[in-house]
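Here the protein sequences come in this chain order: A and B. Residue numbers for the first sequence follow the working numbering, so the first one is 153 and each next one is one higher. Residue numbers for the second sequence follow the working numbering, so the first one is 153 and each next one is one higher.
Protein chains: 2
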Amino acid sequence: MENLLTLAAQIAEIGSLRYTPAGIPVLDVVLKHESWQQENGQQCLVKFEMPAKIIGEEAVQWQHRKNIMVEVSGFLAQRSKRFPRPILRIQNIQEYKG
Amino acid sequence: MENLLTLAAQIAEIGSLRYTPAGIPVLDVVLKHESWQQENGQQCLVKFEMPAKIIGEEAVQWQHRKNIMVEVSGFLAQRSKRFPRPILRIQNIQEYKG
């Protein structure tokens, strides 16, 4: 079942690095996206914030890189059982070179 | 600036067909997604709901198709100026054949 988001965005917020009970590093971030998109023949300005999570070794590498522009891809998933609105679970992240 | 979501999901809710001031049909829907995803070598069950919008002729065609499984793609955008959390603006929609 397809579930893939690719997004260029700025890392607007970074939480403290934490570890799962199994010892896997996790970093909670907020991504800020702004772009012009084409819809039904019209340009529209898109601007939103998306909570996201980096899991594994990359969580350690990105913990101090606030404000960097990145290209990410991953899948959407519920934040938790109580909050069913999706956040992005990042599977690939790299600096955005424009 | 990249901003592309592809998702297989069920149309769980459909609002009433409405029209923009310019006369373009708009349909608000809620997509329900459930799948297993691989993360850091582990399977995890993903389950969430995503508000989405269909704009243009396809809004008319899909207005009575509740509960259908679909494959959609589009871009994320703020719901409104006051609610910056993203919804999906659907640009392609077709029935999901599995």
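Virtual Cβ for every residue (Gly too), placed ideally from N, Cα, C.
Item	Value
3-residue-minimum beta strand (DSSP E) runs that sit fully inside the stretch 165 to 210 of chain A, ordered along the chain	177 to 191, 194 to 207
As assigned by DSSP and simplified to three states, the class of Q230 of chain B	strand
Coil, strand or helix - G215 of chain B by DSSP	What sits at residue 215 of chain B in the sequence shown is Gln, not Gly. Coil.
C-beta contact flag for I207 of chain A and V224 of chain A at 8 Å	no
Segment contact flag, the stretch 175 to 185 of chain B with the stretch 155 to 163 of chain B, C-beta cutoff 8 Å, min 3 pairs	yes
Outcome for V222 of chain B when other beta-carbon atoms lying within 10 angstroms are tallied against a minimum of 16	buried
Contact list for A204 of chain A against chain B, beta-carbon separation under 9 Å	Correct list: empty, because the minimum Cβ distance to chain B is about 11 Å.
Spatial distance of A211 of chain B from L240 of chain B (CA atoms)	14 Å
Cα-Cα separation, H216 of chain B to I220 of chain A	44 Å
Proximal residues to K205 of chain A (C-beta, below 8 Å), its chain only, five neighbours per side dropped	V178, L179, D180, V181, I239, L240, R241, I242
Residues that DSSP places opposite Q243 of chain A in a beta bridge	Looking at the DSSP assignment, Q243 of chain A forms no beta bridge with any residue, so it has no partner.
Any chain B beta carbon closer than 8 Å to L157 of chain A	yes
Member of B:M153, B:L159, B:L228 whose CA lies at the smallest distance from the CA of I247 of chain B	Looking at the sequence provided, one finds Glu at residue 247 of chain B rather than Ile. For E247 of chain B, the nearest C-alpha among the options comes from B:L159.
Integer-rounded CB distance, given that R237 of chain B should sit under 8 Å from F235 of chain A	Their Cβ separation, rounded to whole angstroms, is 11 Å, which puts F235 of chain A and R237 of chain B out of contact at 8 Å.
Distance CB(Q195 of chain B)-CB(N155 of chain A) smaller than 8 Å	no
CA nearest to the CA of I203 of chain B, picked from B:T172, B:P173, B:F227, B:M153	Reading the sequence as shown, one finds Pro at residue 203 of chain B and not Ile. Minimum Cα distance to P203 of chain B is reached at B:F227.
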